[in-house]
Amino acid sequence: MSKRIFSKTGLVGFSLTAIAIALSGCGDSSSLPVAGTSGKVVDGYVSGATVILDSNDDLVCNAADTTRTTTDAQGNFSFPAGSGSHMTCALGGTDITTGAAFVGELKAPPGATQITPLTTLVQATIDAAPAGGKPTPAEASANIATKLNLGTTNLLTTDPVAVAATNPALTQTTTAVQTLLVQAANNVAAAATGLPVSAAQTAALFSSAVSGVASAVASSSVNVDLTNTTTAGATSVTTLVTDAISKTVTAVQTNTTAAATVVGVASLAPASVAAAAATNVATVTQVVASTSAVTLVAAPVAGVVPVSLSAQTDTTASSTTALVSDLLTTNAAEATTSNSVADIVALASTVTNALESGDATSASTLVNTQITAVIVEVPTVVIEPVTAPVLPPVPNVIVLTAPQLNGVSVGTTSVDGFFPVTVSGPLTSAAMTLSVSGTPALSAAAVGFDITEEAPGTRQLKLVIDSATLTNNGGVISVTVPSTAKLYVWGMNTAGVVSQATLLNAASNVLTSTGGVMSVNWTSALSSLSNQPGFGNLSLLTGTFNVVAALSGAPLAIQTTAQNAVVEAGLRSVSIPDVASVSGQGASFRVTVTGSVL
């Protein structure tokens, strides 16, 4: 019997992370009420959430705990005087920035005035410690803060929304951890069933994801900065996420309620599930973490999905995991030479690339080839073949077609996550045609490019234009850069010297739009910076460069070469630390630059 038929965009998504609407009036930790009696529920602020006081201190919030209240429109709650200091739990309610129902349960230890994803990890760390050796809430909070590179921040009393401008790392990390919790739960469910994930399954697995992520963070041998998107930073995040997903599988297998809700989890091999999902989950987690904190707490725009919600509902990881699910069992893992962890990582990467190129047939063929190899090695293992997943039309989007670099057309069949192209040097410009499918919601946009040398050196150039206007002119998209737009530029030359600058009145020369074709000329930016140290010799001559393009303010799809399909663009982020960032949908290109034209 053939199964594993799913829709890339059909996996259920919902808001567990949201973004608060305004910084004003939020206050800081010094203005919060008495610890343990009142505070805030922050997933972004959650209105109408039920907050329960664990009055009997049994570490479970249930019907036996009758001291409970409901948050107001800004996530505030309070208990009657004399209620005492106990663990608190929050569930239900509505994310005020998206209007979506909150699914899952957040917790905080006694004395906390904030109930957030990070305080939930703190409480899980305390719960997991042996009797007689449990850390105090302050000790557990300090450990989680240290391991997530948040320094001395008090996670129990600091509102991550209110400090977006003064402690952006806390805002970014809080939101990113929530994305990780959702994606961990979704991928374990997808691995167990090979089918789209339901909200009920994610809710049932949420506490296990908390356990897995908390254990991975608390036991990490190094401090991990989720906001660090350098190669080294991304590697450390992937390592953490791998451990978190593996431990989530184990936690689900020992949770009778979760295991009963998601049938099939008992047969999963934790390391195999982590191998299939970790790279994709780490990517969307870091897209959130590298988004400007001020952007994360900005007021919502009608019709535009916030980056955090896009990351939580992104189906790249769980679609891949569902398709390869039968290869993630303990029995399949016995085929150590043809289905090793390394093989599964490689398979997941190629399957993801095929799905993102709209080539579902190739994706299923790749999986079936691996299935055949495992069965040959272990004839007793039972693995069912898969059929090509259904990739439905993507409605109401801007469609990117005919991308070019240096005037050379790029074929949009993904290789290792990048669209490849070879051009004559130096690398100077990019162009892409933008059209409309349906009626996409458009808002003020930002555009970013990150050009990183893959070989042989370490040159890098980042450009962020902080303001652009997208206009739908009868199905053709025009991009207008106002005179007030800022162009942020960051560069590293061959000697490793880093320079950055902010240019006024230059963005409109770098980004132009004519007849639906958006063009970016970074030579113009470098010319404006030629007299500044570090930029004069940053010309992008021969070598291999990975180019990442990100666009905020609109849903984006790509007309791919494979099967001539229109597929939803993946999440991308371009960040200049502490200065500017762009997070949204976009594309990645691998550019081989030959010769040099000076």
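Going by the working numbering, the sequence shown opens with residue 1122, and the numbers climb by one from there. Glycine included, C-beta positions come from ideal geometry on N, C-alpha and C. These figures come from a predicted structure and were not determined experimentally.
Considering only DSSP beta bridges, list what residue i is partnered with.
i: L1584; result: F1570, V1610
i: D1216; result: V1167
i: T1543; result: T1713
i: F1198; result: G1160
i: V1557; result: I1519
i: A1551; result: L1526, V1641
i: E1689; result: A1678
By how many angstroms is the C-alpha of residue j removed from the C-alpha of residue i?
i: P1289; j: S1413; result: 8 Å
i: A1390; j: V1303; result: 20 Å
i: V1243; j: V1499; result: 43 Å
i: R1711; j: N1667; result: 5 Å
i: A1372; j: V1529; result: 50 Å
i: I1465; j: T1471; result: 10 Å
i: V1618; j: E1574; result: 14 Å
i: N1349; j: Q1407; result: 8 Å
i: T1533; j: T1681; result: 5 Å
i: E1260; j: L1487; result: 48 Å
i: T1287; j: I1247; result: 29 Å
i: S1388; j: V1426; result: 36 Å
i: T1635; j: S1620; result: 31 Å
i: M1639; j: G1213; result: 43 Å
i: G1546; j: A1509; result: 40 Å
i: A1671; j: V1600; result: 14 Å
i: V1155; j: C1182; result: Bear in mind that a pLDDT of 42 at V1155, under 50, signals an unreliable position, so the number given afterwards is only what the model happens to contain. So the alpha carbons of these two residues sit roughly 21 Å apart.
i: G1716; j: A1683; result: 30 Å
i: A1310; j: G1705; result: 26 Å
i: V1700; j: S1411; result: 11 Å
i: S1429; j: T1501; result: 44 Å
i: T1473; j: D1193; result: 42 Å
i: D1175; j: A1330; result: 21 Å
i: A1484; j: S1564; result: 34 Å
i: W1643; j: P1698; result: 20 Å
i: T1314; j: T1441; result: 12 Å
i: I1142; j: L1227; result: The pLDDT assigned to I1142 is 30, lower than 50, so where the model puts this residue is not dependable; a value taken from the coordinates is nonetheless given after this. Near 20 Å, if we compare the C-alpha coordinates of L1227 and I1142.
i: V1402; j: D1364; result: 12 Å
i: T1158; j: Y1166; result: 18 Å
i: Q1195; j: N1489; result: 50 Å
i: S1720; j: G1253; result: Residue 1720 lies beyond the range of the chain shown here (1122 to 1719); nothing can be said about it.
i: L1144; j: A1337; result: Residue confidence for L1144 is low, a pLDDT of 30 falling below 50, so the modelled location carries little weight; the figure read from the coordinates is stated next. If I take the Cα positions, the gap works out to 32 Å.
i: T1109; j: T1191; result: Here the chain covers residues 1122 to 1719 and nothing more, so residue 1109 does not appear.
i: A1285; j: D1164; result: 14 Å
i: A1249; j: V1386; result: 22 Å
Can you tell which of the options has its C-alpha closest to the C-alpha of residue i?
i: T1615; options: V1422, V1515, L1661, L1555; result: L1661
i: A1419; options: V1282, L1521, G1538; result: V1282
i: G1569; options: V1687, A1708, G1559, T1579; result: A1708
i: G1595; options: L1555, V1585, G1578, R1580; result: L1555
i: N1307; options: S1439, V1386, T1192; result: S1439
i: G1664; options: I1217, A1622, V1542, A1566; result: V1542
i: T1274; options: L1291, A1565, V1503; result: L1291
i: L1476; options: P1676, L1347, V1511, A1565; result: V1511
i: S1702; options: V1714, N1593, N1630, D1587; result: D1587
i: S1550; options: S1357, V1641, P1256; result: V1641
i: G1559; options: D1537, L1677, F1540; result: L1677
i: A1398; options: A1305, V1386, I1265; result: A1305
i: A1453; options: V1497, P1251, T1400, S1431; result: V1497
i: F1557; options: D1480, V1714, E1455, A1675; result: Checking the sequence, you will find Val at residue 1557 rather than Phe. For the residues D1480, V1714, E1455, A1675, the minimum Cα distance to V1557 belongs to A1675.
By the DSSP assignment, the beta strand (DSSP E) with residue i in it spans what residues?
i: N1667; result: 1664-1672
i: P1524; result: 1518-1526
i: N1642; result: 1638-1642
i: T1601; result: 1597-1601
i: E1226; result: 1226-1229
i: S1620; result: 1619-1625
What are the boundary residues of the alpha helix (DSSP H) that residue i is part of?
i: T1400; result: 1391-1410
i: T1294; result: 1289-1314
i: T1633; result: Counting along the chain, T1633 falls outside any alpha helix (DSSP H), though it belongs to the beta strand (DSSP E) covering 1632-1635.
i: G1354; result: 1352-1374
i: I1492; result: 1481-1498
i: S1336; result: 1320-1339
i: T1441; result: 1437-1444
Exercise for review: Decide yes or no for the touch test of the region 1362-1380 against the region 1319-1327: beta carbon pairs closer than 8 Å, at least 3 of them.
Suggested key: Using a Cβ-Cβ distance cut-off of 8 Å, the region 1362-1380 and the region 1319-1327 are in contact, since at least three pairs of beta carbons, one from each stretch, lie closer than that value.
Check your understanding: Is it a yes or a no for the region 1235-1250 touching the region 1262-1269, going by three-plus beta-carbon pairs under 8 Å?
Key -> Yes, the region 1235-1250 touches the region 1262-1269.
Exercise for review: Evaluate the contact criterion for the region 1590-1608 versus the region 1623-1635: three or more CB pairs, one atom per stretch, below 8 Å.
Suggested key: Contact between the region 1590-1608 and the region 1623-1635 is present, because at least three Cβ pairs lie under 8 Å.
Check your understanding: Are three or more beta carbon pairs between the region 1290-1299 and the region 1206-1223 nearer than 8 Å?
Key -> No, they do not touch.
Exercise for review: Report yes or no: do the region 1688-1695 and the region 1509-1526 share at least 3 C-beta pairs separated by less than 8 Å?
Suggested key: Touching, yes.
Point to revise | Any 3 or more C-beta pairs closer than 8 Å across the region 1307-1319 and the region 1194-1201 | key: No: fewer than three Cβ pairs fall under 8 Å.
Review point. Should the region 1579-1598 be regarded as contacting the region 1639-1648, the criterion being three or more beta carbon pairs within less than 8 Å?
Key: Note that the region 1579-1598 touches the region 1639-1648; at least 3 beta-carbon pairs, one per stretch, sit closer than 8 Å.
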